[in-house]
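Residue numbers (mature numbering (1 follows the signal peptide of the UniProt record, and there is no 0)): -22 to -1, 1 to 459.
These notes are about the structure you will find just below.
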Amino acid sequence: MQLTSPRLRASLLAAASLGLVAAALPPPTPLGIGDPLFPHLGNPGYDVLSYDLSLTYKDNRTPLDAVTRIDARALTALDRINLDFTHGTVASAEVNGQPAAFESVGEDLVLTPESPVAPHTPLRIAVRHTSDPRGAADGGWVPTADGLAMANQADAAHRVFPCNDHPADKAYFTFRITAPEGLTAVANGVAGALPVRTAAGPTTWTYRTLHPMATELAQVSIGESAVLHRTGPHGLPLRDVVPAADRARLEPWLKKTHGHIAWMEERVGRYPFENYGVLIAQAQTGFELETQTLSLFESGLFAGDGYPEWYVEAVMVHELAHQWFGDSVTPRTWSDLWLNEGHATWYEALYADHLGKYSLERRMREAYERSDQWRASGGPPAAPKPAAPGQKIGLFRPVVYDGSALVLYALRQEIGAAAFDRIQRRWVTEHRDGVAGTADFVRLASQEAGRDMEPFLKPWLYGKTTPPMPGHPEWGGAKSV
Ligand SMILES: [Zn+2]
């Protein structure tokens, strides 16, 4: 899946025609696919089919040695291939088996093959590079007490490996991770061949995804971990990765996942991937993250002090719900983030309601009271303001969480619970393993409602202020609070 803006198409065509008449190409420039919030993220002209990442870990102070192999398909003629990559040193690059020149420009790694790549032909890229785990403030590698984990959302996968770093281009992944004796490496998907231990001591672990995945959802955990296996609903393999020393203490939490999956499946249908589990990392991230099939949680959430049990469970359900909403169905642009966070917050809130701890109506009423302020500071749900420079995670504001769950609540109030439930199920079924955006959601809502829902949804999704809530005329008076 690939997006190209007319402006970029024009600049590509211009670059391509220059290549015909000039021996020397113009200087490489960073490109993007026209994401309104991240203009330089992703790259035009090709579609990645698979990534094969080999990573050799020593310790948290040493850049990992890495080889990234990319199997792609050229969509246009390519004199140059832009990848997103920063925070590592490139030693060599190949395109279709031949050495390619390479240069870093901004956060792009620009490859110049010996001869241009023809449109609609295979494009195989190999880059030997390092991947630096230090300086993690903007995401990517997350140092933990015993190793590393990964947190790439929204735009930090390219701080770890060269890639087409946009969720609109999903691909299959293979991971080959070599770590010193005593450490365990785990990644998204299923284990490949048995871990291979070399004579010198390090062990190589392999994993592969059975479904396509966005780069932002990649996960590699290296640490003194226990990997715990159990069985979920209808035989679904469950796999948790926890600090080995905390295994017994965490067991009561890990046992809950089975019930959480069954609860979600009752509402939206079958879990969409090959396995699921939680990765509990000894790190203070300040967030949890829905990395595909293996959600990342900071260990402090389960420390037993400060957070009530129902709250922790609702957060676990939030990340689980993302496996359908955000992972299996990824956003077309980052402005569609509300479709990830709004839905995950919706099921988080529903679960707290289900436990009898915090009613959905109360939570939505409280969100309604704050919604205008959230829109003023963060933009409307489907057109959020860009994050301030240096604050990339600043995109994750209340307006895309409760402010967007409120949009779903308004829709349910307007069309009724039965039609709303059909939308939810069809959304994750029809876009499974795919990419979808706001217009797709409005179209589906219109089909299930039996009328054009754009006049209703547009002010909810794009308005500077919050429309009246159907069925709750009394909520209007509290808005100035
Ligand atoms: Zn979320």
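Just so you know, even glycine gets a beta-carbon here, dropped at the ideal spot from N, CA and C.
Remember, it's a predicted structure, so these values are computed and weren't measured experimentally.
Where residue i sits in the DSSP three-state scheme
| i | result |
| --- | --- |
| residue 21 | coil |
| residue 103 | strand |
| residue 367 | coil |
| residue 351 | helix |
| residue -10 | Note that residue -10 scores a pLDDT of 38, beneath 50, so its modelled location is shaky; the value from the coordinates is reported in the next line. In the structure shown, residue -10 sits in a helix (DSSP, three-state: H, G or I). |
| residue 315 | helix |
| residue 67 | coil |
| residue -1 | Its pLDDT being 40, under 50, residue -1 is placed unreliably by the model, and nothing is read from it. |
| residue 150 | strand |
| residue 451 | helix |
| residue 11 | coil |
| residue 374 | coil |
| residue 333 | coil |
| residue 43 | strand |
| residue 62 | strand |
| residue 139 | coil |
| residue 303 | strand |
| residue 323 | helix |
| residue 407 | helix |
| residue 298 | helix |
| residue 16 | coil |
| residue 361 | coil |
| residue 379 | coil |
| residue 196 | coil |
| residue 289 | helix |
Contact test: residue i Cβ vs ligand 1 heavy atom, cutoff 8 Å
| i | result |
| --- | --- |
| residue 194 | no |
| residue 24 | no |
| residue 318 | yes |
| residue 323 | yes |
| residue 356 | no |
| residue 264 | no |
| residue 466 | What the structure shows of the chain is the stretch from -22 to 459, and residue 466 is not part of that stretch, so it cannot be assessed. |
| residue 296 | yes |
| residue 150 | no |
| residue 392 | no |
| residue 300 | yes |
| residue 379 | yes |
| residue 304 | yes |
| residue 276 | no |
| residue 268 | yes |
Integer-rounded CB distance, given that residue j should sit under 8 Å from residue i
| i | j | result |
| --- | --- | --- |
| residue 130 | residue 50 | Residue 130 to residue 50, Cβ: 19 Å. No contact. |
| residue 495 | residue 31 | Residue 495 cannot be examined here, being either before or after the span of the chain that is shown, -22 to 459. |
| residue 470 | residue 143 | An answer regarding residue 470 cannot be provided, because it is not within the stretch -22 to 459 covered by the chain. |
| residue 68 | residue 87 | 6 Å |
| residue 46 | residue 173 | Actually they do not touch by this definition, with Cβ atoms about 21 Å apart. |
| residue 166 | residue 152 | That pair is no contact at about 10 Å. |
| residue 157 | residue 184 | Actually they do not touch by this definition, with Cβ atoms about 12 Å apart. |
| residue 310 | residue 381 | Their Cβ separation, rounded to whole angstroms, is 20 Å, which puts residue 310 and residue 381 out of contact at 8 Å. |
| residue 279 | residue 287 | That belief does not hold up - the Cβ atoms of residue 279 and residue 287 are roughly 11 Å apart, past 8 Å. |
| residue 149 | residue 24 | Contact doesn't hold; Cβ gap of about 11 Å is too wide. |
| residue 373 | residue 362 | 6 Å |
| residue 146 | residue 20 | 7 Å |
| residue 125 | residue 161 | 6 Å |
| residue 260 | residue 40 | About 20 Å; that fails the 8 Å criterion. |
Residue(s) in a DSSP beta bridge with residue i
| i | result |
| --- | --- |
| residue 72 | 77, 104 |
| residue 201 | 162 |
| residue 346 | Beta-bridge pairing links residue 346 to no other residue. |
| residue 309 | 414 |
| residue 29 | 48, 151 |
| residue 82 | 87 |
| residue 477 | A question about residue 477 goes unanswered here, because the residues of the chain that appear run from -22 up to 459. |
| residue 56 | 95 |
| residue 460 | The chain is shown only over -22 to 459; residue 460 falls outside these bounds and no answer can be derived. |
Residue-level contact to chain B via CB, residue i, 9 Å cutoff
| i | result |
| --- | --- |
| residue 279 | Any reference to chain B falls outside this structure, which holds one protein chain only. |
Which parts of the stretch 157 to 191 are runs of the beta strand (DSSP E), unbroken and 3 residues or longer, counting only runs that do not cross its ends?
162 to 165, 181 to 186
Any chance you could list the alpha helix (DSSP H) runs of at least 4 consecutive residues sitting entirely within the stretch 86 to 137, in chain order?
none
Taking the runs of the alpha helix (DSSP H) that are 4 residues or longer, which of them lie wholly in the stretch 207 to 283?
225 to 232, 235 to 246
Could you give the uninterrupted runs of the beta strand (DSSP E) lying entirely in the stretch 420 to 448, keeping only those of 3 residues or more?
none
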